Every structure is written in structure tokens, then in C-alpha cells.
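First the structure, in the form of C-alpha cells, and then the observations on it.
Number of protein chains: 2
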Amino acid sequence: MRTVTWQSLSEEQQAAVLQRPAIAEGANITAAVSAVVDSVKKDGDKALLELTEKFDGVRPNSIRVSNEDIDAASERLSEEMKAALNQAYKNIAKFHQAQKPVPLKVETQPGVVCEQVTRPINTVGLYIPGGSAPLPSTVLMLGVPAQIAGCNKVVLCSPPPIADEILYVAKLCNIDEVYNLGGGQAIAAMAYGTDTVAKVDKIFGPGNAYVTEAKRQVSNDFRGAGIDMPAGPSEVLVIADETADADFIAADLLSQAEHGPDSQVVLVTPSVLIADQVTDAVQRQLQQLSRKDIAQQALASSLIIIAESVTQAIAISNYYGPEHLIVQTKNPRELVPLLDNAGSIFLGDWSPESVGDYASGTNHVLPTYGYTRTYSSLGLADFSKRMTVQELSADGLRILAPTVVTMADAEGLDAHKRAVTIRIEKLQSAE
Amino acid sequence: MRTVTWQSLSEEQQAAVLQRPAIAEGANITAAVSAVVDSVKKDGDKALLELTEKFDGVRPNSIRVSNEDIDAASERLSEEMKAALNQAYKNIAKFHQAQKPVPLKVETQPGVVCEQVTRPINTVGLYIPGGSAPLPSTVLMLGVPAQIAGCNKVVLCSPPPIADEILYVAKLCNIDEVYNLGGGQAIAAMAYGTDTVAKVDKIFGPGNAYVTEAKRQVSNDFRGAGIDMPAGPSEVLVIADETADADFIAADLLSQAEHGPDSQVVLVTPSVLIADQVTDAVQRQLQQLSRKDIAQQALASSLIIIAESVTQAIAISNYYGPEHLIVQTKNPRELVPLLDNAGSIFLGDWSPESVGDYASGTNHVLPTYGYTRTYSSLGLADFSKRMTVQELSADGLRILAPTVVTMADAEGLDAHKRAVTIRIEKLQSAE
Chain H
143 MRTVTWQSLS
153 EEQQAAVLQR
163 PAIAEGANIT
173 AAVSAVVDSV
183 KKDGDKALLE
193 LTEKFDGVRP
203 NSIRVSNEDI
213 DAASERLSEE
223 MKAALNQAYK
233 NIAKFHQAQK
243 PVPLKVETQP
253 GVVCEQVTRP
263 INTVGLYIPG
273 GSAPLPSTVL
283 MLGVPAQIAG
293 CNKVVLCSPP
303 PIADEILYVA
313 KLCNIDEVYN
323 LGGGQAIAAM
333 AYGTDTVAKV
343 DKIFGPGNAY
353 VTEAKRQVSN
363 DFRGAGIDMP
373 AGPSEVLVIA
383 DETADADFIA
393 ADLLSQAEHG
403 PDSQVVLVTP
413 SVLIADQVTD
423 AVQRQLQQLS
433 RKDIAQQALA
443 SSLIIIAESV
453 TQAIAISNYY
463 GPEHLIVQTK
473 NPRELVPLLD
483 NAGSIFLGDW
493 SPESVGDYAS
503 GTNHVLPTYG
513 YTRTYSSLGL
523 ADFSKRMTVQ
533 ELSADGLRIL
543 APTVVTMADA
553 EGLDAHKRAV
563 TIRIEKLQSA
573 E
Chain E
143 MRTVTWQSLS
153 EEQQAAVLQR
163 PAIAEGANIT
173 AAVSAVVDSV
183 KKDGDKALLE
193 LTEKFDGVRP
203 NSIRVSNEDI
213 DAASERLSEE
223 MKAALNQAYK
233 NIAKFHQAQK
243 PVPLKVETQP
253 GVVCEQVTRP
263 INTVGLYIPG
273 GSAPLPSTVL
283 MLGVPAQIAG
293 CNKVVLCSPP
303 PIADEILYVA
313 KLCNIDEVYN
323 LGGGQAIAAM
333 AYGTDTVAKV
343 DKIFGPGNAY
353 VTEAKRQVSN
363 DFRGAGIDMP
373 AGPSEVLVIA
383 DETADADFIA
393 ADLLSQAEHG
403 PDSQVVLVTP
413 SVLIADQVTD
423 AVQRQLQQLS
433 RKDIAQQALA
443 SSLIIIAESV
453 TQAIAISNYY
463 GPEHLIVQTK
473 NPRELVPLLD
483 NAGSIFLGDW
493 SPESVGDYAS
503 GTNHVLPTYG
513 YTRTYSSLGL
523 ADFSKRMTVQ
533 ELSADGLRIL
543 APTVVTMADA
553 EGLDAHKRAV
563 TIRIEKLQSA
573 E
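Chains H and E are the protein sequences, given in the same order.
With this note's numbering applied, the first sequence corresponds to residues 143 to 573, in that order.
With this note's numbering applied, the second sequence corresponds to residues 143 to 573, in that order.
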């Protein structure tokens, strides 16, 4: 880990230090994904089976996973695993249930009633990546809010073979259909539909560069599907003062670093002592990790910043806008009003990032790559849309008419004005 | 207006009838906008002045409008106009004020506290198109929620010369900086910043094909800026039964048609009589409009659909997903629970679309082009982002630890597990 002293840097150097590495874009990824998407649009299920054989090396008996297979998964799991998944489900459901919007109704002027109503997005598709280990936690993070929002149809794609843990959670979340599909072909299938795969309105979930590019492509086509948010490598920033425990900080930095070689890991502290202790603790703990090689690569580009004060550390964090922000200071709760541009914030010694990754209740799908400035932590709102409703009484229209008429005149929109005056005239003639 | 009977159409024909016309994309627009964006990124203010002279035919004294000029605008406006704008401001503020989120705090398990906090987006840019008449209503629809959300810095771009009505409303909404800028150059300036123009986090507002393309380009660049929503031509769908007033319906259809030749106008009714009456009334009222030519072009592609019942009319509307949905039936209020995929809904005889366009309180920036399935009516939420916060006590971590450890094991994430166990071990050794 590289250590820099913030005050010793010029403004340009400061910006450069916090600059995220560019995401490899590659025209070849764009073209490869575009070919996959076209092929799914053209040949439907046939293309899906061929692409799955090509990319995942298996040809599943059927694209859709049968209910029998889903039930069987549950029988193979240990009771301990099911209890853990059930507990996580319960906590996540509790926190997302609390996000249910209150209906809003306002009488802005007498007889002018304006409302905001929230409706679930009808059909949603969840993407769960494959890889070296299954990710049942991501199924929970997407499946629970979809269920609580009340989406009519929820489908899930994951590359085969799909792990028992994923199928078990899919059932917990009452997911309607599960498909043996990964990569760009899964995204294309959900965006456009095939004979077997349901077309969805919006697609959620993480993935590799191909999945990310496929999501970008289908979301740029109005016949395709919406997506949750832009994706980037996972990242953590820790703000710590001299009261923090260096072992805890090191463990938190490493739990981010093991995600992937491109993980971003930053510690900002006014304490040189803590900086030194953490550097040592990271090296010590690293030796014991099964994913040591991955973590080591991530650490190569990671950073310790010596700030002048906790206040300056906060300013640095707000500028960087981390996905995960861990605050290990004397009174972390007091700092919350000052914290901005973070996906999820973890306060104090006993709130490691991994509790939020799995089971505390908050969502682990968060904006990365500086998108925390404008995007939100995934929540119920992302599985819903807000519509407004208005109803005026005849008197309400009478009261509002002069305002509308004057403004329509200013904007030169004659018919807008007439839609009001024709009604007022009819009211007057009825009097 | 073309009239079709829904039941006489095949499923394919039904889909074709409701298909929106493709938006002209044109590689030449993409390239032209890309050149403008690059030039602003490279040459900053110098490029802005040159591009403004080229595209708007004027070279303003300065890019930024002075406070003196803004104050002077107010003096030139009639009292009647100011009163109308003030009233609209008041209603819109009241409705958006009511959207302020309640802070959310949940203890999911003893000692495990999860929160959701909402923060304003720091800096936002509002784009107000030029054209034949000024659009102060759009300034209200963007400026009021930005102000109420508490955005730190709000800037506005509009092509010069900027109308007095726009400057007056900019002042009402306490907008920080107003720039004499239109088109792709305005979007590029706000996305990347120049010596004069503040870089913003997110850009809002309507515009022509060039503005839309510029918004798309800067939102696809993580160094650029976020945007409000994808844009398409404005549209209305009216559901009416035999109790509706054909003159009112015709007036509403025409007020949509006058927006532009590409406006989408649809009436769905189970009453053949109403369909005939509306056809006549549209022709009659059309003759009296100042924007008759524009409305006539829009009407050429507009549609009356004869449905079997109001229930079927609702299904058609939900499938189409209109930006504006007007319901003129016997008991419109009773139908609300059945209505879905609409930007804003207008109930009954006395709620023409133009009240919502201007002054009732709801926002007139709405998803179009079928994006109502996944996007929301613009509101306070679009000027804010949600972050989650969590704080566990030592006991809370003890209770949650087995769940996290089991799940981290299943996902093969060793360091995630160790971030928990290292803390539990320290707690145990302190006992």
C-alpha cells in the first residue's frame, strides 16, 4: 500500500491520487456483445442453448430450471446454511419493508388535489454472476426488494450449473422463473424475451465486463430494458483516527481487496501511527487468506492518505465518493451529518463491511466509481416508479384558470389555454 | 385522426397500432454533437462563445447573465405575469415540499441498526430550451425541486437572448448562476465545466435532438454528468366513456398536438358516439388555433381506438404507457387502482392536462416513449440520493456473526469472514 501525505500534494496531485483507474472498454467487447445480443434477438432459445454451450461449456437439459430442481436444492443444503440464509432474508426484508412509501396527497389550492402514487415495476430480471463461488447474498439483495415492491413477475438468470444456495434463496424470495443463462446472452434474453425467457422491464445485478456492456447496450435501446445503475469495480474507504483498532481496519481493507484485482482500497487517517500499524497488519493478515493472490494485486494500487484532521479526511472521502465508507473514530455517529457521496456507511468498531454485504439488512448493491454523487444505494424505489395524479373540482379549475391562461399565453400555447377556457365557458353557460 | 376497433385487430396489429414511431437517430447528429462536446472540453469558454455565435447567431457580452440583468427582467414583466408565475411557484413548491423523505431507522436484530438517509445532489444543471416562445414553466418544474431538495449549487443554461419570464423564475427559485448557452455546447459545459461554467453532477431538462444526444453522450462518460431520464416526443392518452364531454376531450387532444409534429395523441373509448363527436370537435376547434399547422401534422399520426369496455381501455393504456393519461369517465377516481405505466394522470372533467403542465403542483417533466414502465414523474427524489448507514453494537455483531460467517464461507470469501471473526476474538479475549 502506498502512503501519501495529503497536505504535501498540489491540488492536481490530490486529484490524480484519487482518480480511479479507467475501466477497460475495448471495441472488441462492444462488438462481441453486440453479436451475442443480435443472435439472441434473431434466434431466441436456439441461440441461447448454443451460446451457453460455447461460453459456459455445458448444454443444460432445459433453459428454465424446473420447480423440482429448485425444491431438491433445499434438501441438499445443510440446516446451518439454511438458517443463515433465512436470517439474512429476514433482516433484509425488515429493512426494505420499512422503505415502503407513504401515499402522498396535497391540496395545493382549494379544489386542486395533487397526489403521488407508487407502483411496482411489472416485470424485473435479476442477474447473478457465476464464478468460483456462488453468490446467494446477491440473490437476496435483488430478490427481496423485488418481492416487497410487489413486482408481478421476477425472473433470475445465472450461468449453469446454478448452485443450491442460489436456488434456495430464489425460492425464499418467491422468484417466478429461474434460467440457466449467463453473460450477455442472459441479459439479451431478459431484455427482448424468447419463447422460454420472459421479457422484462428492468434488469438488475452485477456482472463482468461482458454483462456490463450488454446491460449498457439493451438500456440504450428503448425496445430493450432499463437497468439498475452503471457498474464499476468495488471499493472501500476507511476514515480512522488514533482511537481505531489497526487489526480491524486491516481486516476491512483486505475484505475489500479480495473481491478482485481491480478493487479500490483507501485508508484516510490523521494518525501516522495508525497508518503504520495498518500497513503492518495488512501484511500479516494477508498471509492467512485463501484469496491472497487476488488481494495482493488489489493492494498494489491501494492507498493510505495521511490527512491533517478528521475533518479533512471527511472532505477527501466526500470528494472521492466511495461505494463503502467505514468510519472508525472516537464518535463516528457525530460525523454522519458531514458525510456525503457514499453508497453505504459503516459506523464504529463493530460494523465491518461484511455485515452489510450479507445480513444486517442494508443492500449491498451500491453505486461505485464515483456514481455515489448521483446514484443511490439500491432499494425499494428502484423496483417501483412514481406516478402523479391530479383531480380538480370545477371550483378548483376556476381558481387556477387565470394562472394557467397567463402562462400559456406567455409560452404561445393556444390550445393549452383553450383546454381551460372551453371548460370555464361551459361552467359559465350552465350557471 | 384514424379510428380503429381494437377487437377487430389481431394481436400483432394491436401491437403495431400502439408502436411509437422510431426517433430519428442519424449518425450525423452523433458526430456533430461529439465534435461540439470535444471542442468545449478542449477550448472551454472560447469554444462556447464561438459555438453560440455559430448556432444562436448572437455573441453575448458574457456567458454568465449578471445579477443586474436578472433583476431588470423582473421590472419589465407585467404584474399579471408575475402573479401567475408566483402562484404556480407556490403550488409546485407545496407539492414537492410534501415529497421530503422521512428519515428511516430500523433495528433489524438487537444491536443491529440500519438507516437510510437522503442527501441533495450537490450541483445540478438545468437546461431550458429556446424556440418560438419562452418556457418559464420548465424553469419552475426543474428549479423548484432543486431548491427544495437543497442542492448546493444550481445553474441554468438557455440559448440567448433569455426571456424575462425565465430570468424572473430563475430568481424565484434562487438559481445560483444563469448562462447564455444552448444546445450541445450548454450540456457539454455543464458536464465538464469551463472557467465560467460550473461543472455539475447531474443535468435536467428537455431539448431538441442535439441536446438529447449531448445528454446521452455526457451521461455515458463517468467523467461527465448524470441525466434525468431518456427523452422522447410528448404524448397523451385519453380514456373516455359515454358520459364524457367531446369538446373537452378534443381540446385536450389538441393541446398535446400543438406541442410538435411528432406529438402522440390517442383516444381510447368504448363509445362510438364519443369517437365520432371528438373527431368532429377536433376539426372544429383546430381551425381556431394559432399553431394549427403543427397540430394538424401531429393529428395525422394520431389515433382513436374503440375498445369493448372501459376495462379494456385501461388495459390498452397500461400497455401503451402514456406520458399523460386523462380519464374522463363516470367515476374516474375508482379506476385509479387499475391504472399503471403513466407519467401523470388527470381525473375527470375539470382536470385538463394544461393545469399540470403549468400550475397545479405536479411536475410536467415526465417519462415518455414507454419509459413510464420503469421511470418516474420527476420529483424531489431525482435531486437527491439515498445512502444507507449501519451501526452494530458489540452484542449486535455477536448475534449476527454466525450468519455472516456461514454465508462468507459459502461464497468462499475468507477475508469477509475474518473481518468478523477478528472482532469476535478480540471481544472474547477482553472478557
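Think of the CB as a built atom: it goes at the ideal place given N, C-alpha and C, for glycine as much as any other residue.
A quick note: this is a predicted structure, and the numbers were derived from the prediction, not measured.
Proximal residues to residue i (C-beta, below 7 angstroms), its chain only, five neighbours per side dropped
i: E/L522; result: H238, Q241, K242, P287, I290 and A291
i: H/I456; result: I381, L477, L480 and L481
i: H/I576; result: Any property of residue 576 of chain H remains undetermined from this structure, which presents chain H solely from 143 to 573.
i: E/N233; result: A501, S502 and G503
i: H/I391; result: V380, A382, L409, V420 and Q470
Where residue i meets chain H, residues with beta-carbon distance less than 8 angstroms
i: E/I487; result: M529, T530, V531 and Q532
i: E/H466; result: Neighbours of E/H466 on chain H: none; closest Cβ ~10 angstroms, over 8 angstroms.
i: E/N264; result: D482, N483 and R515
i: E/G272; result: Ordered by position in chain H, no residue passes the 8 angstroms Cβ test against E/G272, which lies about 12 angstroms from the chain.
i: E/V478; result: V259 and V531
Cβ pair residue i, residue j closer than 7 angstroms
i: E/S519; j: H/R261; result: no
i: E/V410; j: E/A399; result: no
i: E/G326; j: E/P271; result: no
i: E/D343; j: H/R515; result: yes
i: H/F121; j: H/C293; result: It is not possible to answer for residue 121 of chain H, since the shown part of chain H is limited to 143 through 573.
i: E/A330; j: E/V320; result: no
i: E/C299; j: E/Y269; result: yes
i: H/I446; j: H/T147; result: no
i: H/V531; j: H/V546; result: no
i: E/A351; j: E/I171; result: yes
i: E/G499; j: E/G253; result: According to the sequence displayed, residue 499 of chain E carries Asp and not Gly. Not in contact: E/D499 and E/G253 (Cβ atoms no closer than 7 angstroms).
i: H/L284; j: H/F364; result: no
i: H/Y461; j: H/G374; result: no
i: H/S405; j: H/E495; result: no
i: E/A442; j: H/E553; result: no
i: H/V113; j: E/L542; result: One cannot answer for residue 113 of chain H here, as it falls past the ends of chain H, which runs 143 to 573.
i: E/I205; j: E/T338; result: yes
beta-carbon residue i near the ligand NAP non-hydrogen atom, thresh 6 angstroms
i: H/N203; result: Absence of the ligand NAP from the depicted structure is noted, as is the absence of any ligand whatsoever, leaving it without description.
Contacting residues, own chain, Cβ-Cβ under 6 angstroms from residue i (five flanking each side not counted)
i: H/A215; result: D306, L309 and Y310
i: E/A550; result: H558 and K559
i: E/V248; result: C256
i: E/P464; result: E377, L379 and A484
i: E/V296; result: V266, A288, I317 and D318
i: E/P301; result: D198, G272 and G324
i: H/T250; result: C256
i: E/G490; result: P474
Listed by chain order, chain H residues near residue i by CB distance under 7 angstroms
i: E/L542; result: V497, A501 and S502
i: E/G564; result: The sequence shown places Ile at residue 564 of chain E, rather than the Gly named in the question. Those within 7 angstroms of E/I564 in chain H are D389, F390 and A393.
i: E/P494; result: A561, V562 and R565
i: E/S519; result: R528, M529 and T530
i: E/L277; result: E553
i: E/Y511; result: F364
Chain E residues whose Cβ lies nearer than 7 angstroms to that of residue i
i: H/K591; result: The structure shown does not extend to residue 591 of chain H, since chain H is modelled only from 143 through 573, so no value can be given for it.
i: H/A437; result: A557
i: H/E222; result: T548
Chain-ordered chain H contacts of residue i [CB-CB under 9 angstroms]
i: E/C256; result: N233, K236, F237, A240, G498, S502, G503 and T504
Sequence-distant residues of its chain with Cβ nearer than 8 angstroms to residue i (five each side left out)
i: H/Q229; result: A501
i: E/P412; result: D383, E384, I448, A449, E450, S451, V452, Q454 and A455
i: H/S176; result: Q359
i: E/K434; result: L428
Whole-angstrom C-beta distance between residue j and residue i, which should lie under 8 angstroms
i: E/Q438; j: E/L428; result: 7 angstroms
Within chain E, the residues that residue i reaches when beta carbons sit closer than 9 angstroms
i: H/V339; result: Those within 9 angstroms of H/V339 in chain E number zero; the least Cβ separation is about 18 angstroms.
i: H/Q427; result: A557, R560 and I564
i: H/E307; result: M549, A552 and E553
Under 8 angstroms by beta carbon: chain E residues contacting residue i
i: H/S397; result: L555, A557, H558, R560 and A561
i: H/R475; result: E533
**Request:** Please list the residues of the stretch 344 to 366 of chain H that have a C-beta atom closer than 7 angstroms to any C-beta atom in chain E, keeping them in chain order.
**Result:** K344 and F364
**Message:** Please list, in chain order, the residues of the stretch 445 to 457 of chain E that have any C-beta partner in chain H closer than 8 angstroms.
**Reply:** none
**Prompt:** For the stretch 169 to 199 of chain H, which residues have a beta carbon sitting closer than 7 angstroms to at least one beta carbon of chain E?
**Reply:** none
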